[in-house]
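**Q** Sharing a structure below in structure tokens format, with a few things to ask.
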Amino acid sequence: MAGTPVTLSEHLASQRAAVSADHAPGVMSVVGRIGRLAAVIAQELAHAALRDRLGYVGGVNVSGDEVKKLDIWGHETVLAGLRSTGACAAFISEEATEPIEIPEAGGAHGVVVCCDPVDGSSNLDVNGAVGTIFSVRPGNGRTPAAPAALGPGTDQIAAGYVMYGPGTAFVYTVGTGVHGFILNSETGEFLLTHPDIRIPRRGKVYGINEGNAHSWHPGQRAFVEHLRTPDKASGRPYSLRYSGAMVADVHRTLLDGGLFMYPADCSDPAKPKAKLRLLYEVAPMGFILEQAGGRASTGTGRVLDVRATDYHQRAPVILGSPDDVSLAEEFYRRAS
Ligand code: AFP
16 MAGTPVTLSE HLASQRAAVS ADHAPGVMSV VGRIGRLAAV IAQELAHAAL
66 RDRLGYVGGV NVSGDEVKKL DIWGHETVLA GLRSTGACAA FISEEATEPI
116 EIPEAGGAHG VVVCCDPVDG SSNLDVNGAV GTIFSVRPGN GRTPAAPAAL
166 GPGTDQIAAG YVMYGPGTAF VYTVGTGVHG FILNSETGEF LLTHPDIRIP
216 RRGKVYGINE GNAHSWHPGQ RAFVEHLRTP DKASGRPYSL RYSGAMVADV
266 HRTLLDGGLF MYPADCSDPA KPKAKLRLLY EVAPMGFILE QAGGRASTGT
316 GRVLDVRATD YHQRAPVILG SPDDVSLAEE FYRRAS
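For the numbering used here, add 15 to where a residue sits in the sequence shown, where the first one is 1.
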């Protein structure tokens, strides 16, 4: 990095004018706090095996996933951190069936935070990459505030993720491009390393759980078959990379281009079943991808136009380089 590095708090301050005056204080406060919490979570994850923090607590969460000790710890840590900002009027978390209302922050400027505190937690026991995903939506100035989060993804005023890999990366948008930071673990500060990330128009890699191929929409199957079929002129075959943690797969896609896909299970074509959660996985990643010049689709429509009607609603997603996503949609159209 040449010159004096820009810290996350300095960068956030420079983005303040991009957010409506009503919500700027709330957004600055919660995004800045998530940055500080990310440094704490990174430390905890790095030492989890030494502190007997790995493994399950027993039971499943609202999404039906087995709950790990670090899922609960991550949820409680993020909740406590957001509560103390005084700006988060409601917290919608993968680890809580109902939204958590914080009435003391429910004034006109309060925001709602949707979050998956430790996404990809099945990777924890094998020391694989995991992440934190968050989305900030305007509150409604009332209690309960959480219903304000029910609406299309275009309502989001900020979104971001943290990737706990060899370095801890923090990536966020407030609607003026996408900016990436790496944690300096000696000072606990995130420093700007990837200003204004732009995704390549086309990539060479796709990420998808191919074990589910039997249940995909015929358009999805034909598209992946196309990506695997050699054609030197158009740069095929694409390579397959898949980590099992959305954050790691999206981060690679954002920087290198290509696709991350989690299509619906169409075993019963009348009742397609998606896996990933709209409010705290699909919509925030959709916002980030669009802000980087990419696209995020359900296969048949724009992800950010999908209206949330339930806090833990699921949605299919195909996100990445704009030309690659458009081609995927073309395959869906042809097969419909
Ligand atoms: P976990 O947090 O339960 O590990 O789920 C991770 C996740 O929600 C997302 O981060 C991954 O992309 C996706 O699920 C992986 O799902 P599969 O294991 O079905 O491929």
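Backbone N, C-alpha and C define an ideal beta-carbon position, used for all residues, glycine too. For clarity, every value in this text was computed on a predicted model and none was experimentally measured.
Go ahead and label ARG292 buried or exposed: buried means 16 or more other beta carbons lie within 10 angstroms of its beta carbon, across all protein chains shown.
**A** Answer is buried; the Cβ neighbour count reaches 16.
**Q** Confirm, please, whether the CB-CB distance from ILE333 to SER351 is below 8 Å.
**A** Not in contact: SER351 and ILE333 (Cβ atoms no closer than 8 Å).
**Q** Which whole runs of the alpha helix (DSSP H) in the segment 111-188 are 4 residues long or more, in chain order?
**A** Qualifying alpha helix (DSSP H) stretches: none in this window.
**Q** Could you tell me the boundaries of the beta strand (DSSP E) in which LYS247 lies?
**A** That residue, LYS247, is in no beta strand (DSSP E); it is neither H nor E in DSSP.
**Q** Is the beta carbon of TYR277 within less than 7 Å of some heavy atom of the ligand AFP?
**A** It does: the Cβ of TYR277 is within 7 Å (strictly closer) of some heavy atom of the ligand AFP.
**Q** Output the residue ranges of the alpha helix (DSSP H) runs that lie fully inside the segment 62-101 and measure 4 residues or longer, sorted by chain position.
**A** 84-98, all fully within the segment 62-101.
**Q** Which residues in the same chain have their Cβ closer than 8 Å to the Cβ of VAL220, if we skip the five residues on either side of it in sequence?
**A** These residues qualify, in order along the chain: TYR253, SER254, LEU255, ARG256, ARG267, THR268, ASP271, GLY272, GLY273 and LEU274.
**Q** Do LEU364 and the ligand AFP come close, with the Cβ less than 7 Å from some heavy atom?
**A** Summary: the structure shown does not reach residue 364, with the chain confined to residues 16 through 351, and so no result is reported for it.
**Q** If you draw a straight line from the alpha carbon of ALA330 to that of HIS241, how long is it in whole angstroms?
**A** Their Cα atoms are separated by approximately 24 Å.
**Q** If distances are taken between C-alpha atoms only, which option among ASP338, ARG236, ASP170 and VAL297 comes closest to GLU109?
**A** Comparing Cα positions, the closest option is VAL297.
**Q** Looking only at its own chain, which residues have a Cβ that is under 7 Å from the Cβ of LEU165, when we skip the five neighbours before and after it?
**A** ALA323 and THR324, listed in sequence order.
**Q** So is the beta-carbon of ALA307 under 7 Å away from any non-hydrogen atom of the ligand AFP?
**A** ALA307 Cβ: outside cutoff for every heavy atom of the ligand AFP.
**Q** Quick one, which of ILE172, ALA102 and ASP134 has its alpha-carbon nearest GLU119's?
**A** Nearest of ILE172, ALA102 and ASP134 to GLU119, Cα basis: ALA102.
**Q** Taking one C-beta from the segment 258-267 and one from the segment 137-156 each time, how about it: are there three or more such pairs within less than 8 Å?
**A** Verdict: yes, contact present.
**Q** Taking the continuous alpha helix (DSSP H) assigned at ALA279, which residues delimit it?
**A** It is not in any alpha helix (DSSP H) - ALA279 carries neither H nor E in the DSSP assignment.
**Q** Under the assumption that PHE196 contacts LEU52 (Cβ atoms under 8 Å), give the Cβ distance between them as a whole number of angstroms.
**A** No, PHE196 and LEU52 are not in contact; Cβ-Cβ is about 14 Å, not under 8 Å.
**Q** Pick helix, strand or coil for GLU109, following the three-state DSSP scheme.
**A** The answer is coil: DSSP assigns GLU109 none of H, G, I, E or B.
**Q** Using the rule of at least 16 other Cβ atoms within 10 Å of the residue's Cβ for burial, across every protein chain shown, is ALA307 buried or exposed?
**A** Looking at its Cβ environment, which holds 16 or more other Cβ atoms inside 10 Å, ALA307 is buried.
**Q** Verify the CB distance criterion: does PRO245 have a CB-CB separation below 8 Å to chain D?
**A** No chain D appears in this structure, which consists of one protein chain only.
**Q** Can you pull the DSSP bridge partners for ASN199?
**A** According to DSSP, ASN199 bridges with GLU204.
**Q** Exposed or buried, ASN142, counting other C-beta atoms within 10 Å across all chains shown (16 or more means buried)?
**A** So ASN142 counts as exposed.
**Q** For a quick check, are the C-beta atoms of LEU319 and GLY168 less than 8 Å apart?
**A** Yes.
**Q** Roughly how many angstroms separate the alpha carbons of GLY234 and THR188, rounded to a whole number?
**A** Those two C-alpha atoms are separated by around 32 Å.
**Q** Using only CA atoms, which one of VAL55, VAL128, ALA160 and TYR277 lies nearest to GLY122?
**A** Of VAL55, VAL128, ALA160 and TYR277, the residue nearest in Cα terms is ALA160.
**Q** Under the rule that 16 or more other beta-carbon atoms within 10 Å means buried, what is GLU305, buried or exposed?
**A** It counts as buried.
**Q** Looking at the secondary structure, which residues open and close the alpha helix (DSSP H) in which ARG31 lies?
**A** No alpha helix (DSSP H) holds ARG31; DSSP gives it neither H nor E.
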